[in-house]
Amino acid sequence: METRELRYFIALAEELHFGRAAQRLGITQPPLSRAISQLERRLGVTLLERSSRSVTLTEAGAVLLREGRAALDAVDAADRRTRRAALAGTGEADLVLVTKAGASGELLAKLLDAYAAEPGAATVDVILCGIAEQERLLRDGRADVALLHRPYDSTVGFDTEELCTEGQVALLPSGHFLTGRANLRMADVAALPGLPMPRWPGRNGTYPDGPGPQVRDHTQLYQLIALGRTCTVLPESCRVSLRPDITAVPVLDAPPVTTVIAWPPHSRSRALAGLVRAATRL
């Protein structure tokens with residue numbers, strides 16, 4: 001398969017409309033139709049069911065959509081990492097570190113200060129991203145290193161070092177009747193009337209079904225908690241950035257959260273190795 005054919009197919013599989021997919025790709029419909037038909041002939045399968053009114057994915061098409069996205073991500077990552085490796089050889093490349101906005105703020109500040117004090121330390125560009133985005137940025141080559149949080153983030157395929165493990169707290173609007181409790185359990189949080197848990201976007205950017213509000217970042221989350229529209233459970237370190245109108249209560253049976261520093265296993269960057277050493281010393 002050619003990467004061009006994969007890009008055409010993925011655009012059509014996501015749009016499920018030849019006109020919109022062609023417009024997104026910047027081409028006309030005939031070459032798109034020819035490319036998809038050629039891809040189906042080469043694979044010997046039907047990827048899309050077409051009618052005069054709709055386009056739907058077959059089971060084989062759904063598999064190619066999933067695998068094709070991963071393949072193109074790998075191609076794009078190889079492109080970015082190759083270019084960054086060339087820059088590293090000239091001493092012009094910075095390190096790109098990605099982490100969730102609002103998470104591990106105190107740890108991140110200490111890490112950046114500790115690494116900056118190292119002789120010959122590279123410049124570290126920090127990307128603060130939304131929920132579930134930092135893992136993708138590291139996998140597709142847009143970041144060199146990431147702070148991830150198990151069990152919420154997958155570290156499969158990365159080299160990692162554990163930095164800290166902490167408990168979790170429930171975040172409630174100040175004045176809520178449960179804020180006077182010394183601790184809670186997950187069942188208490190899940191059963192709160194009028195405070196459904198928020199819905200975060202998944203890896204495909206879509207939200208799961210449910211009564212809770214859609215949330216993209218911690219700023220939006222904190223505003224909704226303060227307004228009495230939602231509650232949530234976060235690592236205990238979030239206390240340092242809490243607003244005065246939000247109260248944290250320990251949750252005894254919430255799974256512990258382990259913060260790790262993660263990087264691609266094939267990396268040979270000396271600057272990255274220095275950053276990891278600084279992190280583990282902390």
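All the letters of the sequence shown, read from the start, carry residue numbers 1 to 282 under full-length UniProt numbering.
Note that the Cβ used here is the ideal one computed from N, Cα and C, for glycine as well.
Pair within 8 Å by beta-carbon distance, residue i and residue j
{"i": "Ser54", "j": "Ser237", "result": "no"}
{"i": "Val215", "j": "Arg199", "result": "yes"}
{"i": "Ala132", "j": "Pro213", "result": "no"}
{"i": "Asp209", "j": "Gly102", "result": "no"}
{"i": "Arg185", "j": "Asp253", "result": "yes"}
{"i": "Ala122", "j": "Ala271", "result": "yes"}
{"i": "Asp245", "j": "Pro173", "result": "yes"}
{"i": "Thr58", "j": "Leu47", "result": "yes"}
{"i": "Val189", "j": "Val233", "result": "yes"}
{"i": "Ala77", "j": "Arg4", "result": "no"}
{"i": "Arg69", "j": "Ile10", "result": "yes"}
{"i": "Arg243", "j": "Ala226", "result": "yes"}
{"i": "residue 289", "j": "Leu112", "result": "There is no way to answer for residue 289, as the model of the chain reaches only from 1 to 282."}
Residue i, buried or exposed, once every other Cβ within 10 Å from all chains shown has been counted against 16
{"i": "Thr206", "result": "exposed"}
{"i": "Asp125", "result": "exposed"}
{"i": "Cys129", "result": "buried"}
{"i": "Cys231", "result": "buried"}
{"i": "Arg281", "result": "exposed"}
{"i": "Ser51", "result": "exposed"}
{"i": "Ala170", "result": "buried"}
{"i": "Ser267", "result": "buried"}
{"i": "Glu92", "result": "Confidence in Glu92 is poor, its pLDDT being 47 and thus under 50, which makes the residue's placement too unreliable to answer from."}
{"i": "Gln38", "result": "exposed"}
Supposed close pair residue i, residue j - CB separation, criterion 8 Å
{"i": "Gln134", "j": "Thr82", "result": "So it is not a contact: roughly 22 Å between Cβ atoms."}
{"i": "Leu65", "j": "Ala13", "result": "4 Å"}
{"i": "Arg142", "j": "Val96", "result": "7 Å"}
{"i": "Gln29", "j": "Ala22", "result": "5 Å"}
{"i": "Cys164", "j": "Leu107", "result": "7 Å"}
{"i": "Thr56", "j": "Glu49", "result": "5 Å"}
Sequence-distant residues of its chain with Cβ nearer than 8 Å to residue i (five each side left out)
{"i": "Arg7", "result": "Leu25 and Leu72"}
{"i": "Val276", "result": "Val145, Glu161, Ile261 and Trp263"}
{"i": "Pro265", "result": "Gly157, Phe158 and Asp159"}
{"i": "Thr219", "result": "Ala101 and Gly102"}
Beta-carbon proximity list for residue i, same chain, < 7 Å, skipping 5 on both sides
{"i": "Glu118", "result": "Gly274 and Ala278"}
{"i": "Glu166", "result": "Pro235, Glu236, Ser237, Pro256 and Val257"}
{"i": "Ser33", "result": "Phe18"}
{"i": "Ser154", "result": "Glu135"}
{"i": "Glu40", "result": "Thr46 and Leu47"}
{"i": "Ala62", "result": "none"}
{"i": "Gln168", "result": "Val233, Leu234, Pro235, Glu236, Val251, Ala254 and Val257"}
{"i": "Ser241", "result": "Gly102 and Gly105"}
{"i": "Tyr222", "result": "Arg243 and Ile246"}
{"i": "Leu148", "result": "Gln134, Glu135, Thr155, Val260 and Ala262"}
{"i": "Leu110", "result": "Before going further, note that residue 110 is Lys rather than Leu in the sequence given. Correct list, in chain order: Leu282."}
Own chain, CB closer than 6 Å to residue i, minus 5 neighbours either side, in chain order
{"i": "Leu224", "result": "Pro213 and Thr230"}
{"i": "Asn183", "result": "Pro250 and Leu252"}
{"i": "Glu15", "result": "Ala21"}
{"i": "Met1", "result": "none"}
{"i": "Ile27", "result": "none"}
{"i": "Pro211", "result": "Pro196"}
Any C-beta of chain C under 8 Å from that of residue i
{"i": "Val189", "result": "Any reference to chain C falls outside this structure, which holds one protein chain only."}
- Between the segment 244-252 and the segment 163-179, are three or more C-beta pairs nearer than 8 Å? yes
- Can at least three beta-carbon pairs, one atom from the segment 158-178 and one from the segment 257-271, be found at a separation below 8 Å? yes
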